[in-house]
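Residue numbers (the working numbering): 22 to 463.
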């Protein structure tokens, strides 16, 4: 009788932060998940405050060319999101999402300290050059200084990867999926998670970027360092309320089982199956809406770029880096479309990967969402190189090359992106129409 009571009061497969059985009524729920939402604001603030403005830092202070700066940033961001797979794998296999977050946040904190010290110390950066020091030629960062820069950046990337691979899953695991109420609250959590992510991003790209541009990059890095440091005690404050999923072992075993089952099913029937490959596209209405928003954003971006270059020419500033007499609100519309696309896509995909994956590999499956972003960042670098090579070989000036942005043919590049977005939409529809959801209670 006592064992029956214990089974009713315990969360099967879950433990508290001291590795004791998690109890119903004491662990999990919306209150426990609220700590995750607060942490996500600080975590994404720390990450995006630097990533959104890093091209400027690399070109102005480390003296990389604009194209090389952009490639370094996309490689950094791509690596960060790709490493989410490592964080997800470790969470499912060896330790809980609770411990992975704490380890990853500490690693990111260490990387930000290195970047802050370098930004604050002139001897750790290349000599100042440009208009204020015309006699000093611009020297690209190299040697030990470059090693320090990239060590700091990729420690941050490693930390970000671990956080992205563990934090969303940790929050979603606080809800009881066996009840309709629990599933509804979990769905609501993913929406609030993306809201928290966006709120942190808003602070990062406004307040912190302004600090970096007007007060110095050492202050921007310092704010990020303090932000990720504060997230750790806030996360720890919820320790007694969390229910932590007990790792099931290697999710690779589950993947192999699914692939074998998919192949056996294909031999028996030609009907669509729930194979792992199909996890790459969500047939949700949210994701479908986002595809249209992305197409519109690229088209608007091309039209706005045409307007911006016309203003530069009419103002006699085609070869100048000076600000143009054009309002920021011209680009607000494309940011509206892009922001909407990101919100719809991310919330839908995070929930899709979590709910459709086997329980033993939810962290890894959720990490696939971030890994798809990583592939996009890497692919963007490849597309830039291909576009420059093709346009240069045709006897014309490369589209994405020049001393100033006014020398670029960004409008043509945006039209190309618009075409690729339309093709991506049809690719999405192809897989979405063939996908079969798991049953609600499975």
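For glycine and all other residues, C-beta sits at the position ideal for the given N, C-alpha and C. Treat the numbers as computed from the prediction; the structure is a model and nothing was measured.
- By the criterion of a C-beta distance shorter than 8 Å, residue 408 is surrounded in its chain by 419, 420, 421, 434 and 437, once the five residues flanking it on both sides are discounted.
- In this structure residue 317 is buried. Its beta-carbon is surrounded by 16 or more other beta-carbon atoms within 10 angstroms.
- Between residue 161 and residue 85, the beta carbon gap of about 6 Å places them in contact (Cβ cut-off 8 Å).
- Counting C-beta pairs closer than 8 Å gives three or more between the region 236-253 and the region 64-74, which meets the contact rule.
- Residue pairing by DSSP places residue 35 opposite 266 in a beta bridge.
- For a cut-off of 8 Å, the C-beta gap from residue 119 to residue 265 is around 5 Å, short enough to register as a contact.
- A distance of 8 Å or more separates the beta carbons of residue 368 and residue 378.
- Residue 44 has 31 as its beta-bridge partners, per DSSP.
- Taking a C-beta distance under 8 Å as the contact criterion, residue 62 and residue 188 do not qualify as a contact pair.
- DSSP places residue 363 within a helical segment (H, G or I) once states are collapsed to three.
- For residue 459, no alpha helix (DSSP H) encloses it, and the DSSP letter there is neither H nor E.
- By the Cβ neighbour-count rule, residue 234 is exposed, with fewer than 16 other Cβ atoms within 10 Å of its own.
- If you look at residue 148, you'll find it isn't in any alpha helix (DSSP H); DSSP assigns it neither H nor E.
- DSSP places residue 159 in the coil class of the three-state scheme, outside both helix and strand.
- Annotation: the continuous alpha helix (DSSP H) that includes residue 181 extends over 164-185.
- DSSP, read as helix, strand or coil, puts residue 452 in helix.
- Secondary structure at residue 133: helix, using DSSP grouped into helix, strand and coil.
- In this structure, DSSP gives residue 205 a helical state, which the three-state scheme calls helix.
- In terms of Cβ geometry, residue 389 and residue 374 form a close pair [threshold 8 Å].
- In this chain, the alpha helix (DSSP H) harbouring residue 94 covers 87-103.
- In the structure shown, residue 254 adopts helical secondary structure according to DSSP, grouped into three states.
- DSSP places residue 197 outside both helix and strand once states are collapsed to three, so it counts as coil.
- Here residue 59 carries a helix assignment [DSSP, helix/strand/coil].
- Within the same chain, and ignoring the five residues on either side of residue 439 in sequence, the residues whose Cβ sits closer than 7 Å to its Cβ are 316, 319, 320 and 323.
- According to the DSSP assignment, residue 396 belongs to the alpha helix (DSSP H) that extends over 383-414.
- Check the Cα spacing between residue 359 and each of 414, 219, 452 and 239: the tightest is with 219.
- One thing to note: residue 384 has its Cβ no nearer than 8 Å to the Cβ of residue 127.
- Collapsing the DSSP output to three states places residue 116 in coil.
- Here residue 231 is exposed, its C-beta having fewer than 16 other C-beta atoms within 10 Å.
- As the crow flies, the alpha-carbon of residue 238 is around 15 Å from that of residue 132.
- Under the 8 Å Cβ criterion, the region 135-149 does not count as touching the region 99-111, having fewer than three qualifying pairs.
- Around the beta-carbon of residue 98, 16 or more other beta-carbon atoms lie within 10 Å, marking it buried.
- By the beta-carbon neighbour count (other beta carbons within 10 angstroms, threshold 16), residue 202 is exposed.
- Secondary structure of residue 82 (DSSP, three-state): coil.
- Rounded to whole angstroms, the gap between the alpha carbons of residue 346 and residue 352 is 14 Å.
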